[in-house]
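Below is one structure, written out as structure tokens; the observations come after it.
In this note's numbering, the protein residues as written are 9 to 699.
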């Protein structure tokens, strides 16, 4: 609202300057002087000292009054209250400045190396944007979720990094967590429902505005601005503060996401143990330290014995649970400064750092053997494992991480060869054995195409009549430089490198072809038994392949007996049952090989269309001097007969063993007592000589 007024002579205007603050008074003086010298109308804005604590802005239009000689003798004009417009302009300016501050903070948050850097900039932005003496970031930390002063402006140094409030107390910050809304306190003395924290009380804080940092389900902390004089923080002030809090929320989430990604990149997803990459990094650091301080390091390479049977029998879900429990037990065997790492599958590495001698590694290895061989109870099922451990020590067995891992692996392989469930220190000769394994694998890749594989046949006889019931086909490998390679050497390698399927297919076709010839010649009317590996049986087209082989070789399906182990038929029962039924419909006979060494289950066996159980030779060999072997053998025979199955014992070497088996009701047998595995020519002679 404006009014016309005679503003009076210049000296009067100078006196009126006392109504304004220093800045406005200075403007008034300058404008009056300019009006006097120029004789032109002046228009300017002033800020008054009045207004009951609130500033009032006025716009002055001063028109010079001149005498006859043109000299300015006074002014007249208008004074208009422009406070409302001025406050709006100032508010726009403030918001623009705040937006610039928030934008700058946002850019920093995208590039900052740490959250602390973002927090420090945030409190500076708050202090500038709201013109307050105090600002802070309070972050929830620790298992008790205490509020910790992570960054701040104006606070005494002793408070930084310290817990400053309990979220369980009725404070203004606890209200922020409860309501998830900004909390504005104009005057703490008028808000008796809130307990003022020691931090605020010790600094004389009177007014505050606080907002939540983070989402409803994952709060990070509280962001606040504070004043030691009464300050009426507005909704716009809270909105600005919330904008800063949103940036901190995003920065915290990005930080946690990066931490999770980094953790995932360096840890095994199943057990959460360090993976090979993190192990290598830690090992390299430890090796440098050990070199400087003349210390030792031991690397233990662990492989769980027969873990594959757990997956085969109980499924991969149970296998995963078991691996987690193994990881937990291993971690309990070592110190905090040591590292337990999973390398994949059932392989683990334990790095013992800062040890004084190799004896310390022996102590830990013994401890690991004890905890791993202690039965595991999972889903009310008892599982017993063993573990083979290879140990390589720095500096004796290698001075870099790669060499130590390679040598520990070689030692572990020797531990397996020596009987499993033991530990073995590395020796230089082991590298030659490892190299020999690699060379053997390379040679095996070319064995089929070079016709180096051949079959031998072992007769299977009736224990009651002595008649030949059939033959078992056994694969052999004649290497040009190595000579005859034992199946115990090359079959495990074939399974590990993926060659077992093509080798198994070759054995199946060759055996069927040869047996069809003997049948056509009238040399036998019995079956030909062929061992089928788990990898081979798992092929989706396995049944079709068997049918195709029978068709091409002309062998009657009823003369083919496929032998699989318990582990094969116990994995994925529904799929296995489907395949076994398909083979049964072809007319093929089915046998369980090495029965009694795996996880036998009568409930499962009743479902399968089997013809024969084969008792493992380990029971046959102990039959005369081990009552437990006798009991197991008798139980197997009775179980087989109760299911309508034929029972054959493997590994019969003496007449007494044969008699004992016959007395237990065993139907058939094979072994050196009757014949060793025979070549094609020798087998023909055997069949011709047998009535």
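All C-beta atoms, glycine included, are put in the ideal place defined by N, C-alpha and C.
Euclidean distance between Cα positions of residue i and residue j
| i | j | result |
| --- | --- | --- |
| residue 463 | residue 384 | 41 Å |
| residue 129 | residue 161 | 10 Å |
| residue 614 | residue 654 | 14 Å |
| residue 607 | residue 322 | Any answer about residue 607 is weak, because its pLDDT of 49 lies below 50 and its placement is not dependable; what the coordinates show is given next. Their Cα atoms are separated by approximately 9 Å. |
| residue 684 | residue 629 | 16 Å |
| residue 320 | residue 504 | 16 Å |
| residue 269 | residue 259 | 15 Å |
| residue 120 | residue 126 | 7 Å |
| residue 135 | residue 166 | 20 Å |
| residue 549 | residue 594 | 14 Å |
| residue 213 | residue 154 | 21 Å |
| residue 470 | residue 657 | 10 Å |
| residue 159 | residue 220 | 15 Å |
| residue 500 | residue 426 | 15 Å |
| residue 562 | residue 524 | 6 Å |
| residue 241 | residue 137 | 12 Å |
| residue 46 | residue 80 | 9 Å |
| residue 488 | residue 574 | 35 Å |
| residue 566 | residue 619 | 11 Å |
| residue 226 | residue 251 | 18 Å |
| residue 475 | residue 699 | 8 Å |
| residue 545 | residue 150 | 53 Å |
| residue 245 | residue 164 | 25 Å |
| residue 638 | residue 602 | 16 Å |
| residue 123 | residue 115 | 13 Å |
Residue of the options minimising C-alpha distance to residue i
| i | options | result |
| --- | --- | --- |
| residue 234 | 644, 688, 498 and 208 | 208 |
| residue 689 | 538, 522, 584 and 568 | 522 |
| residue 352 | 382, 391 and 285 | 285 |
| residue 94 | 76, 197 and 55 | 55 |
| residue 460 | 466, 475 and 485 | 485 |
| residue 318 | 77, 46, 394 and 250 | 394 |
| residue 52 | 63, 32 and 45 | 32 |
| residue 237 | 618, 559, 640 and 216 | 216 |
| residue 281 | 261, 399 and 356 | 356 |
| residue 222 | 587, 253 and 210 | 253 |
| residue 5 | 448, 600, 334 and 344 | Lying before the first or after the last residue shown, residue 5 is absent from the chain, which here runs from 9 to 699. |
| residue 592 | 186, 190 and 551 | 551 |
| residue 311 | 89, 75, 350 and 266 | 350 |
Residues bridged to residue i [DSSP beta-bridge criterion]
| i | result |
| --- | --- |
| residue 453 | Residue 453 is not bridged to any residue. |
| residue 626 | None; residue 626 has no bridge partner. |
| residue 620 | 599 and 654 |
| residue 389 | 386 |
| residue 357 | 309 and 349 |
| residue 160 | 144 |
| residue 193 | 216 |
| residue 394 | 313 |
| residue 537 | 480 and 569 |
| residue 493 | 485 |
| residue 171 | 156 |
| residue 582 | In the DSSP output, where bridge partners are listed per residue, residue 582 has none listed. |
| residue 282 | 275 |
| residue 55 | 65 |
| residue 149 | 154 |
| residue 50 | 70 |
Test: residue i CB closer than 9 Å to a CB of chain C
| i | result |
| --- | --- |
| residue 180 | Absent from the structure is chain C; it holds one protein chain and no more. |
Contact belief for residue i with residue j at Cβ below 8 Å, rounded distance in angstroms
| i | j | result |
| --- | --- | --- |
| residue 133 | residue 113 | 5 Å |
| residue 397 | residue 376 | 7 Å |
| residue 156 | residue 170 | 7 Å |
| residue 571 | residue 542 | Not quite, the Cβ-Cβ distance comes to about 12 Å (not below 8 Å), so this is no contact. |
| residue 679 | residue 659 | 5 Å |
| residue 468 | residue 477 | 5 Å |
| residue 509 | residue 547 | 7 Å |
| residue 631 | residue 670 | Not a contact, Cβ separation roughly 12 Å. |
| residue 43 | residue 83 | 6 Å |
| residue 402 | residue 412 | 6 Å |
| residue 330 | residue 358 | Going by Cβ atoms, the distance from residue 330 to residue 358 rounds to 18 Å, so no, they are not a contact pair. |
| residue 405 | residue 415 | 5 Å |
| residue 433 | residue 456 | Not confirmed; about 38 Å, so no contact. |
Item to check | Segments assigned alpha helix (DSSP H), at least 4 residues, entirely inside the segment 66 to 122 | outcome: 91 to 119
Next on the checklist: To test your reading of the DSSP string, which unbroken alpha helix (DSSP H) runs of 4 or more residues are found completely within the segment 398 to 477?
Outcome noted: 409 to 425 and 437 to 455
Checklist entry - Which runs of the beta strand (DSSP E) fall wholly inside the segment 215 to 244 and span at least 3 residues, in chain order? => result 215 to 222 and 227 to 235
Item to check | Contiguous alpha helix (DSSP H) assignments of at least 4 residues, all confined to the segment 671 to 698 | outcome: For secondary structure counted as the alpha helix (DSSP H) over 4 or more consecutive residues, the segment 671 to 698 holds these complete runs in sequence order: 688 to 697.
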